[in-house]
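**Student:**
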Amino acid sequence: MQDNEKHRSRMVRKKGVVDAAIARADQDKGLLLVLTGNGKGKSSSAFGMVVRTLGYGKKAGVAQFVKSRRDSGEESFLSVQEGVKWHVLGDGYTWETQNRDSDIATAERGWKVAQDMLRDSSLHLVVLDELTYLLKYGYLDMQRVCSDLAARPPMQHVVVTGRAAPERLVEMADTVSEIRDIKHAFRAGVRAQPGIDL
Ligand code: ATP
Ligand code: MG
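Under the numbering used here, the first residue of the sequence shown is numbered -1, with each subsequent residue one higher.
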């Protein structure tokens, strides 16, 4: 009984703190989110936000910068939904293409598509999947990417995914999560599983 009373008064205090924090957050704004780190869950989280967006009857654009094969569950499901613009802009992984010049040309072409989405105020959300690699390898100019992001419609949300997010992007972002790798089944010899890994 005493335990229950103690618990109740702790929860009352906690509710006060949570309610006050919620009341303080009274602004609306188009957010820049960065999902980085070596753990699994960056792209799948970004695509989860596409689903949330569609749930409100709003539109989303997705640019996949690295992958070239059209083979993920999200792509086959989401790209055919009304309200989604899905662009596969990559040429495969850098260790597959092994050609810096052609990677740069692919990145340039891809960024033009991203720029169009960043100027389209009908898009509530834009996902720039695996963009960090293009910045890391210097395929795209950081300054240019930052200014295009800054010039987007004020209420448009953007999610950037990929390992090793550059500091400039982290500074500019409103929300940044680093997903830590603790274990991954791949290292125990399990191949990519449909619905989980792709
Ligand atoms: P997901 O698309 O599953 O959210 P992610 O975007 O965080 O993953 P990426 O680096 O883009 O991770 O890698 C995509 C693929 O590589 C997925 O099949 C994922 O399961 C796998 N993967 C992600 N992190 C790791 C890891 N630490 N070790 C091995 N494989 C990984
Ligand atoms: Mg990913």
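In this text, a Cβ means the ideal position worked out from N, Cα and C, and glycines have one as well.
Computed from a predicted model, the values in this text were never measured in an experiment.
Give the straight-line distance between the Cα atoms of V164 and L133, rounded to the nearest whole angstrom.
**Tutor:** Walking along the sequence shown from the start, residue 164 turns up at place 166. Walking along the sequence shown from the start, residue 133 turns up at place 135. Here the sequence assigns Pro to residue 164, which means Val is not the residue at that position. C-alpha separation (whole angstroms): 7 Å.
**Student:** Should S70 go down as buried or exposed, given a rule of 16 or more other Cβ atoms within 10 Å for buried?
**Tutor:** Taking the first residue of the sequence shown as 1, we reach residue 70 at position 72. It is buried - the Cβ of S70 has at least 16 other Cβ atoms within 10 Å.
**Student:** Measure the alpha-carbon distance for L196 versus A162 and round it to whole angstroms.
**Tutor:** As a first step, residue 196 is located in the sequence shown; it is residue number 198 there, counting from the start. As a first step, residue 162 is located in the sequence shown; it is residue number 164 there, counting from the start. Cα to Cα, the separation comes out at about 21 Å.
**Student:** Report the start-end ranges of each alpha helix (DSSP H) in the segment 96 to 166 that is 4 residues or longer and not cut off at the edges.
**Tutor:** As far as the segment 96 to 166 is concerned, its whole alpha helix (DSSP H) runs of at least 4 residues are 98 to 116, 129 to 134, 140 to 148.
**Student:** One question on the structure: do F45 and E72 come within less than 7 Å of each other, judged by their Cβ atoms?
**Tutor:** If you number the sequence shown from 1, residue 45 lands on position 47. If you number the sequence shown from 1, residue 72 lands on position 74. Against a cut-off of 7 Å, the Cβ pair of E72 and F45 comes out as a contact.
**Student:** Taking Cβ positions, are F63 and G88 nearer each other than 7 Å?
**Tutor:** In the sequence shown, residue 63 corresponds to position 65, counting from 1. In the sequence shown, residue 88 corresponds to position 90, counting from 1. Yes, the pair counts as a contact, with Cβ atoms nearer than the cut-off.
**Student:** Shortest alpha-carbon distance to D127 belongs to which of V10, G59, G53, A21?
**Tutor:** As a working mapping, residue 127 is identified with position 129 in the sequence shown. Selected option, being the one with the closest Cα: G59.
**Student:** Pairing CB atoms from the segment 131 to 150 with CB atoms from the segment 12 to 22, are three or more of them under 8 Å?
**Tutor:** Taking 8 Å as the limit for Cβ pairs, the verdict is that the segment 12 to 22 does not touch the segment 131 to 150.
**Student:** Would a C-beta distance cut-off of 7 Å place S41 and T159 closer than the cut-off?
**Tutor:** Start at 1 with the first residue of the sequence shown, and residue 41 comes out as number 43. Start at 1 with the first residue of the sequence shown, and residue 159 comes out as number 161. Cβ distance < 7 Å, so S41 and T159 count as in contact.
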